[in-house]
Structures are given as C-alpha cells and as structure tokens.
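Encoded as structure tokens, the structure appears first; notes follow it.
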Amino acid sequence: MRTFAAFQEVLLPKPGVEGESITQIRQLNSKYNHILKSIDPKKQFIFFIVRSDSYEIFREARKLAWEKNLDVGWTPKPKDEMILFSPFGEETKIVD
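Residue 41 is where the sequence shown starts when you use our numbering, and the numbers rise one by one after that.
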C-alpha cells in the first residue's frame with residue numbers, strides 16, 4: 041500500500057480590497073510594474089486567473105507584460121469559484 045499526502049492552498053479575496061486600476065498599472069512605480077521587473081523572461085512567465093469582472097484590466101496587464109517580452113498564460117475563472125493551488129498542478133495522481 042502506498043501512502044500519499046497532498047496539500048492545497050486556497051486564495052481568498054479580502055472583502056472590500058481591490059487591486060490596482062488600469063490607470064495605476066500603467067504607472068512606472070506601480071506594484072504591477074515592480075512585479076514585471078522582477079520576472080526573468082528567460083526562466084519565468086506570468087499567469088493570470090481572470091474573473092468576468094476583470095477582463096478589461098487583464099488585457100491591459102497582458103499587454104504590459106508582452107511589452108517586457110514576458111510569456112503570458114491565463115485561464116478564465118467564475119467570479120465565485122475558489123482559487124486552489126497545489127504543488128502538483130490541477131490534478132494529483134499516483135502513477136505506479
């Protein structure tokens with residue numbers, strides 16, 4: 041018998057807290073631009089989880105990432121669906 045332990049992290053939005061606006065992410069001193077500057081385009085990429093109410097800002101954020109030669113991935117996610125993270129990806133399987 042094989043024993044397997046796994047864990048998942050859940051990302052929950054803070055009520056009443058919003059991220060940066062489109063105008064703010066365009067600023068050179070924005071938190072978003074600081075994140076972009078920290079990414080090594082030869083080794084890393086940026087991945088967005090996009091809610092239906094965030095598509096417009098996602099498009100601008102993606103454009104800014106492309107301007108820095110970053111690869112970009114994204115997935116749509118329903119507004120009320122939890123965001124789960126796992127070190128094993130979306131599915132955890134044991135392969136014999």
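Each residue gets a CB set at the ideal place from its N, CA and C atoms; glycine is no exception.
C-beta atoms of residue i and residue j nearer than 8 Å
i	j	result
residue 123	residue 97	no
residue 76	residue 104	yes
residue 138	residue 119	Missing from the structure shown is residue 138; the chain here goes from 41 to 136 and no further.
residue 87	residue 59	no
Euclidean distance between Cα positions of residue i and residue j
i	j	result
residue 107	residue 71	17 Å
residue 147	residue 85	Residue coverage of the chain in this structure runs from 41 to 136, which leaves residue 147 outside it and unanswerable.
Closest residue to residue i among the options (Cα-Cα distance)
i	options	result
residue 111	117, 126, 79	79
Anticipated Cβ contact below 8 Å, residue i with residue j, distance rounded
i	j	result
residue 35	residue 100	With the chain running from 41 to 136 in the structure shown, residue 35 is simply not present.
residue 51	residue 125	7 Å
Coarse secondary structure for residue i, derived from DSSP in three states
i	result
residue 85	coil
residue 107	helix
Distance cut-off 7 Å: residue i Cβ against heavy atoms of the ligand FAD
i	result
residue 71	Although the ligand FAD was asked about, the structure shown includes no ligands whatsoever.
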